[in-house]
Structure formats: structure tokens, C-alpha cells
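For the sequence shown, numbering that gives the first Met the number 0 assigns the number 0 to the initial residue and increments by one for each residue that follows.
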Amino acid sequence: MAFYKEQYSEKFGVYYPQAVVVGKPIDTKEVAKRLAKISTVSLADVLAVLAEMPGVLADFMSQGKSVRLDGLGTFRYTLETEGVENKADFDFQKQLKAVRVSFIPTKEGAVTKGGTATRALVPGGIEWLKYDGQAAAEDDGTDDNDGPDGSGEGTFG
């Protein structure tokens with residue numbers, strides 16, 4: 000189940016629902032445990048592959064490529080820059096403020112006129128509950144007891 004809270008926008012003068020993240024993030028080891036459990040690959044093998052993934056993605060993207068992982072999405076570099084009025088003042092190094100990674104989740108489903116496409120990481124039928132300040136302790140998505148601490152402290156996003 001996912002959580003939301005009522006958020007007020009002073010700028011627009013309206014209330015809107017905002018997704019809430021509760022508890023601690025699920026770490027690489029938990030993801031690896033789940034992948035090992037549902038596949039024929041050992042936990043150590045999954046951890047080894049996941050540990051190497053950031054470097055591999057960075058290497059491909061530094062070659063000017065985007066990286067598409069089927070069922071997950073596409074990663075690519077984007078730039079935060081500052082513009083100049085005159086072309087003669089163009090200086091990449093001076094104008095570059097930050098290099099970021101953009102992630103676009105894979106679309107699944109119909110993409111024809113009148114069809115509906117969904118993002119692969121957004122399953123249908125998500126159960127949304129109003130966040131009441133308490134973290135959901137019943138099912139935190141992990142298979143053991145080292146998940147969220149139930150403190151209700153979370154990141155709002």
C-alpha cells in the first residue's frame with residue numbers, strides 16, 4: 000500500500016494529494032534478496048551484478064549513449080547550464096553547473112490512439128491510504144524485520 004497526505008499550495012490556493020514515503024529506504028541487499036528469491040541466481044551473484052551496475056551505466060552514458068533496461072526504463076545524462084546572450088561568450092566549462100542522470104520509466108500497454116500506456120514501475124491497482132503520521136508496520140516490503148522502524152518519520156516527495 001502507498002500513502003498520501005493533503006498538501007496546501009499557498010501559490011495556487013488549493014489542496015492536492017501528495018505521495019508520502021515512510022520509513023527507511025529499501026537498500027540494495029533487500030532488492031538482491033528479493034531477486035535471488037524469485038530467480039535461480041544466488042544472493043551473492045545478484046549483489047555482484049548490482050554493485051557493478053552504476054559503473055557500467057556511467058561508462059555507457061559517458062560515451063554519449065542512453066541506456067535502456069527492458070522493463071525498467073532509460074537512463075541518460077542531462078546538463079544544468081547557464082546561458083549566455085552572445086555566441087562569442089559561449090564557454091562550456093564556465094556555463095556547466097551540474098551533470099545529472101535522467102531516468103524515464105518504461106511505458107507498457109497500448110500506445111495507439113485512444114489507448115492508455117502506463118509506466119512499468121507504476122503497477123495498476125495501487126492501494127492509496129491517507130497518511131496519519133504512523134508508518135505502516137504490517138507490510139514494509141521486506142522479507143525480514145530490518146525494514147522501516149515504524150517511527151512514522153519519512154521523506155515527503
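Glycine is no exception: its CB is placed at the ideal position from the N, C-alpha and C atoms.
Pick out whichever of the options has its Cα sitting closest to the Cα of residue i.
i	options	result
A1	V19, Y14, V98, Q133	V19
D58	V45, Y76, A47	Y76
Q17	S8, K23, P24	S8
I103	A97, K23, L120, E79	L120
By DSSP's criteria, residue i is part of a beta bridge. Which residues make up the other side?
i	result
G72	L68, P104
R33	Per DSSP, none; premise fails for R33.
E126	In the DSSP output, where bridge partners are listed per residue, E126 has none listed.
P53	Note: P53 sits in no beta bridge, so no partner.
Q17	K4
So what's residue i in DSSP terms, helix, strand or just coil?
i	result
E9	coil
V40	coil
Y2	Sequence check: residue 2 is Phe here, not Tyr. In the structure shown, F2 sits in a strand (DSSP, three-state: E or B).
N144	A caution first: N144 carries a pLDDT of 36, below 50, which makes its placement in the model unreliable, though a value can still be read off. DSSP places N144 in coil when its eight states are reduced to three.
K28	helix
V83	coil
K96	strand
Using the C-alpha atoms, what's the distance from residue j back to residue i?
i	j	result
R99	M60	11 angstroms
E107	G124	15 angstroms
Y15	S101	26 angstroms
V45	G12	48 angstroms
D157	L95	This structure gives no information on residue 157, because the portion of the chain shown stretches from 0 to 156.
M52	L34	15 angstroms
E84	D90	12 angstroms
Problem set entry | Cβ contact (3+ pairs, closer than 8 angstroms) linking the stretch 16-30 and the stretch 57-65 | Here the stretch 16-30 makes no contact with the stretch 57-65; the two share fewer than three CB pairs at distances below 8 angstroms.
Problem set entry | contact_flag[the stretch 33-42, the stretch 67-76] where n(CB pairs < 8 angstroms) is 3 or more | Segments in contact, no.
Exercise. Is the stretch 117-134 close to the stretch 2-17, with three or more CB pairs under 8 angstroms?
Worked result: Pairwise C-beta distances place the stretch 117-134 in contact with the stretch 2-17, as three or more of them are shorter than 8 angstroms.
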